[in-house]
Amino acid sequence: MSPSSMLDNPGAGEPKTPSFELFVPAQTVLPPSNARLGVLGGAYNPITRAHLLLARCSKEQFKLHEIMFVLPKTLPNKPVVDTSVEQRLEMMRLGTTDVPYISLGLCTHGMFLDICAALQKVYLQSPEIFFITGRDAAERILNWPYPEPAEALARMFAGFQLLVFEREGKLKVRENPLIRQYSNRIHTLRLSENIDHISSTEVRQRILTGQSIEELVPTAVATYIMNHNLYQNQSDQH
2 MSPSSMLDNP
12 GAGEPKTPSF
22 ELFVPAQTVL
32 PPSNARLGVL
42 GGAYNPITRA
52 HLLLARCSKE
62 QFKLHEIMFV
72 LPKTLPNKPV
82 VDTSVEQRLE
92 MMRLGTTDVP
102 YISLGLCTHG
112 MFLDICAALQ
122 KVYLQSPEIF
132 FITGRDAAER
142 ILNWPYPEPA
152 EALARMFAGF
162 QLLVFEREGK
172 LKVRENPLIR
182 QYSNRIHTLR
192 LSENIDHISS
202 TEVRQRILTG
212 QSIEELVPTA
222 VATYIMNHNL
232 YQNQSDQH
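2 is the number of the first residue of the sequence shown in the working numbering; add one for each residue after it.
Structure, rendered in structure tokens:
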């Protein structure tokens, strides 16, 4: 299935069973056993230098063999209307061409549980999966109003671990009795640089106000954005 047919057909709806499509494989190869796969999901609207730093620090600190950047069809908390899936994928490709351990993929679903289920069908090595996420997203995921919270958390932590970058504050859910039992599956990711000023939102806002984005995104991504006149309208800002 092509990226456009998989992700850009609003009439198709979200399929019940999560599915995954590898868009760009990593140049490195996962070992046949004890493989460790990092997963960084997001809208990538656009990809930034912060995404790349998160990947590098995760790989170094937790001995990950591959980092998969996953672009979901639907995000639980924020729709994207200003750029197409193809445009975001191309920016992701341009921004990661010189990083051999990064792969790019598409998923029909945006929830971590669903992405994990889809990946487990594709990766025959059955790697240990680590989702890389910020503090705010981790709190949202762990506090999501699941119909059966205890069951959802059990499934979640049986399938993957969390690497949490505590951006703008400490994770607030560690003392939750339901979550405390999984504390050995929640890890703090420490970054070698301060990236509080780097976000996709900041990139779009700077473009709107005519400021440089060179320090926020890879050069090839900045060139692509300029050549395609992306994020030029107020209505595009989300």
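We treat Cβ as the ideally placed atom computed from N, Cα and C, and that holds for glycine.
H229 sits exposed, since fewer than 16 C-beta atoms from the chains shown fall within 10 Å of its C-beta. Put simply, the region 203-214 does not touch the region 60-74. Fewer than three CB pairs are less than 8 Å apart. Per the Cβ contact rule, the region 178-197 is in contact with the region 47-60 (3 or more Cβ pairs under 8 Å). If you look at Q88, you'll find it in the alpha helix (DSSP H) that goes V86 to T97. By the 16-neighbour rule on beta-carbons within 10 angstroms, P178 is exposed. Residue burial annotation: D115 is buried, with at least 16 other C-beta atoms found within 10 angstroms of its C-beta. When DSSP assignments are scanned along the region 171-237, the uninterrupted stretches of alpha helix (DSSP H) that are 4 or more residues long and fall wholly within it turn out to be 178-181, 201-209 and 220-228. Residue V40 holds the alpha-carbon nearest to the alpha-carbon of C58 among L154, V40 and A118. I130 sits in a strand when the DSSP states are folded into three classes.
A Cβ-Cβ separation of about 7 Å places Y232 in contact with L209 under the 8 Å criterion. Straight-line spacing of the CA atoms in L192 and L55 works out to 7 Å. With 16 or more other CB atoms across the displayed protein chains lying within 10 angstroms of its CB, K60 is buried. 8 Å or more divides the Cβ of A118 from the Cβ of P16. Excluding its 5 nearest sequence neighbours in each direction, G106 has C-beta neighbours in its own chain below 7 Å: F21, E22, L23, F24, M69 and V71, listed in chain order. Residue pairing from DSSP places I103 in a beta bridge opposite I68.
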